[in-house]
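Numbering follows UniProt numbering, with no gaps: position 112 of the sequence shown is 112. Each residue gets a CB set at the ideal place from its N, CA and C atoms; glycine is no exception.
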Amino acid sequence: MSESSEKPEDQVERPGAADSSAPAKQDGRVTKGQLARDVAIYSIARLLLVVVIGAIILGVAALVGVAVPLLVAAIFAVLIALPLSLLLFAKLRRRVNEGIAAFDAQRRADQADLRARLRGEGTAR
């Protein structure tokens, strides 16, 4: 019996005791706060990518000596950032998608449980 493979009962992982580097799911549950944090991080990362690409477009245009309107640079930055963000932020996008799917699944399960209790069916909880 190895000590590294088994945890004593007083060291069982609890939903609130996970570290911040753990995935968004804790014990199969995703909170609104975790999901909101992941969506916010992904959105900010994509917006920053648009800003960086726009700055590069304006910087290169200034070096070449061509006047590029800000709106045109912003449109091109968005068009370039859309597919690029799918590649650069794939791990973050997957985490957001998994969080949404898990949250939706637990919402459906909670809803089914509530309907069963309202019908008077006993649940084995």
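If only complete runs of 4 or more residues are kept, the region 41 to 122 shows the alpha helix (DSSP H) at 70 to 88, 90 to 119, in order along the chain. Comparing C-alpha distances from R93 to each of R29, L35, T31, V30 shows the shortest one belongs to L35. Ranked by how close their Cα comes to the Cα of I57, the residues I80, S85, L47 have I80 in first place. Annotated as distal: V30 and G120, with beta-carbon spacing of 7 Å or more. The way I'd put it, the region 44 to 60 does touch the region 73 to 91; three or more beta-carbon pairs between them come closer than 8 Å. Taking a 10 Å sphere around the C-beta of R46, we find 16 or more other C-beta atoms and assign the residue as buried. Between A61 and V68 the beta-carbon gap is near 4 Å, inside 8 Å, which marks them as a contact.
Only buried fits R95, as 16 or more other CB atoms lie within 10 angstroms of its CB. Around the beta-carbon of D38, 16 or more other beta-carbon atoms lie within 10 Å, marking it buried.
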